[in-house]
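Q: Let me begin by handing over the structure; questions about it come next.
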Amino acid sequence: MADSAHSFNSSILSMEAAALSTPHPPTSATAVFEPSLFSASSIPAAFVWSDAIQQNIATHQEQFIEVPTVDLALFREPSSSQRVAKIAADASAETGFFHVVNHGVDQTLIEKVHGHSQKFFELDLSTKQKACRLPGESFGYASSFTGRFSSRLPWKETMSVQPSPVSNIPLLLEKALGDEHKESSEVFTEYSREMMRVGLEVMEVLGMGLGLDRRSLRRYFEQPDNSSILRLNYYPPCQQPGLTFGTGPHTDPTALTLLHQDNVSGLQVLHKGTWLTVSPRYDAFVVNIGDTLMALTNHRYKSCIHRALVNNRQPRLSMAFFFNPGFDTTLSPPEQLVDEANPRVLPDFTWAKFLFFTQSVHRSGVNNLNSFNSWLAAQS
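As structure tokens, then:
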């Protein structure tokens, strides 16, 4: 069984290495965000979500949620670390998200990332497609259509880069698009490094919040083949925002997502059956719990159900850092989180296997772990 798992994980890494060897050529898929699309009176049927219509998002009365704040500066103080950890733990168990402030990421760097992201999305479509994301991959440019789906398409463009184990940032931005993108490559690399640092510290907070040693959760994410992803999201204005989503309702398959938003609202979380807007806060990162951490904590922490709305007035930009373990990391809850009252919910699995499932087998939604568990059972 161990040899089989090793072979599976090795094949995943081999596919990634092969994909990184050359820049991606443009695909033959229909381009999504062409100028003609925005001058049309209605959006194409492929972008229409029945969920959006049923949930009446066109007439939805926006309500805002009060977001718990986790202050990392206070966490570093022995006298207040337990109090901060409890705030994070309570939020993670109830809604699965919170704000992080005093994270130590330089504001100038954040502004640079926003600026270089905007610069990328302003390129003409044919140029962006030189770094296109191919089916089964988690990095590259995607103009909504990724080769997997033909309906319920999200109204957005994304650019995803992977800083490790072998960084594809210079490959995608410099080799595929040209040397003029060298500065963007350097900015995204530095930002990813900072996000890794913040993610590891947040894992210490969340571990302490469960009564564990600081390193109990952090250790799962320190491997050199850490597979975290930086995804830049661009949501263009939409002429019929009540019919579609920037991103449909879902939970993230990752362990954590560290999100920075511009000043345009659009992120909503599901809280007690009601969709509530998370106000943009420039000095903070939105942290939401993903499925991987939910599994790792034996469901003590809950993955956050969220969505992104679009509008017909102005574009929205956000940067999401998907904090992941190494490919070969076996995800098994610490023994302190399993007892008679809290039996094991899921069997052990590797991140490589869950990643394969979410990228090649399953379309992520709000029941990723249940679907994955059923798939695992069918494989055995």
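With the numbering used here as the guide, the letters of the sequence shown map in order to residues -12 to 367. Even glycine gets a Cβ: it sits at the ideal position worked out from N, Cα and C. All values reported here derive from a predicted model rather than from experimental measurement.
#1: Among the candidates Ser125, Gln149 and Thr241, whose CA atom is the shortest distance from the CA of Trp338?
#2: What are the boundary residues of the alpha helix (DSSP H) that Arg292 is part of?
#3: What are the boundary residues of the alpha helix (DSSP H) that includes Asn43?
#4: Restricting to runs no shorter than 4 residues, where is the alpha helix (DSSP H) found entirely within the region 162 to 192?
#5: What distance in whole Å lies between the Cβ atoms of Gln301 and Pro224, which are believed to be in contact at a cut-off of 8 angstroms?
#6: Tell me whether the region 310 to 317 and the region 258 to 269 touch, counting them as touching only if at least three CB pairs, one residue from each stretch, are closer than 8 angstroms.
#7: Please report the distance separating the alpha-carbon of Ser8 from that of Val148.
#8: What three-state label does DSSP hand Gly196 in the structure shown?
#9: Mind reading off the beta-carbon distance from Ser290 to Thr238? Whole number of angstroms is fine, and I expect it under 8 angstroms.
#10: Using the C-alpha atoms, what's the distance from Ala75 back to Leu356?
#11: Please report the straight-line C-alpha distance between Tyr128 and Leu140, rounded to a whole angstrom.
#12: My guess is that Thr284 and Pro320 are in contact by the Cβ rule of under 8 angstroms, so how many angstroms apart are they, rounded?
#13: If I measure Cβ to Cβ from Met190 and keep anything under 7 angstroms in the same chain, skipping five residues before and after, which residues do I get?
#14: Grab the span of the alpha helix (DSSP H) containing Asp58 for me, first residue to last.
#15: So, at 6 angstroms on beta carbons, what are the nonlocal neighbours of Val92 in its own chain, with the 5 sequence-adjacent residues on each side left out?
#16: Using the three-state DSSP reduction, which class does Arg120 fall into: helix, strand or coil?
#17: Cβ atoms of Asn220 and Thr114: under 8 angstroms apart, would you say?
#18: Taking C-alpha atoms, which residue in Lys73, Val87, Asn299 and Asp278 lies nearest to Leu187?
#19: May I ask you to list the residues that DSSP assigns as paired with Ile97?
#20: Roughly how far, in whole angstroms, is the beta-carbon of Pro150 from the beta-carbon of Ser215, given that I think they are within contact range, below 8 angstroms?
#21: Go ahead and label Gln255 buried or exposed: buried means 16 or more other beta carbons lie within 10 angstroms of its beta carbon, across all protein chains shown.
#22: What's the gap between the Cα of Tyr269 and the Cα of Val251?
#23: Please list the terminal residues of the continuous alpha helix (DSSP H) segment that includes Ser113.
#24: Three-state secondary structure (DSSP) at Trp362?
#25: Among the residues of its own chain, which have a CB less than 7 angstroms from the CB of Val71, if the five just before and after it don't count?
A: So, to answer that:
#1: Thr241
#2: Note that residue 292 is Ile in the sequence shown here, rather than Arg. It is not in any alpha helix (DSSP H) - Ile292 carries neither H nor E in the DSSP assignment.
#3: Segment: none, Asn43 is in no alpha helix (DSSP H) and carries neither H nor E.
#4: Those alpha helix (DSSP H) runs which fall completely within the region 162 to 192 and span 4+ residues do not exist here.
#5: Your pair Pro224 and Gln301 checks out as a contact, with CB atoms roughly 6 angstroms apart and the cut at 8 angstroms.
#6: no
#7: Model confidence at Ser8 stands at a pLDDT of 34, short of 50, so the residue's coordinates are unreliable and nothing is read from them.
#8: helix
#9: Sure, about 4 angstroms apart at Cβ, within 8 angstroms.
#10: Leu356 and Ala75: Cα-Cα distance of roughly 22 angstroms.
#11: 15 angstroms
#12: That pair is a contact at about 6 angstroms.
#13: Leu204, Arg205 and Phe208
#14: From DSSP, Asp58 is part of no alpha helix (DSSP H) but of the beta strand (DSSP E) over Thr56 to Asp58.
#15: Correct list, in chain order: Glu181.
#16: coil
#17: no
#18: Val87
#19: DSSP lists no partner for Ile97.
#20: Right, their Cβ atoms sit about 7 angstroms apart.
#21: buried
#22: If you take the alpha carbons of Tyr269 and Val251, they lie about 11 angstroms apart.
#23: It spans Leu112 to Lys115 - the alpha helix (DSSP H) in which Ser113 sits, taken as one unbroken run.
#24: helix
#25: Once the five neighbours on either side are set aside, the close Cβ partners of Val71 are Val57, Asp58, Leu61, Phe62 and Val192.
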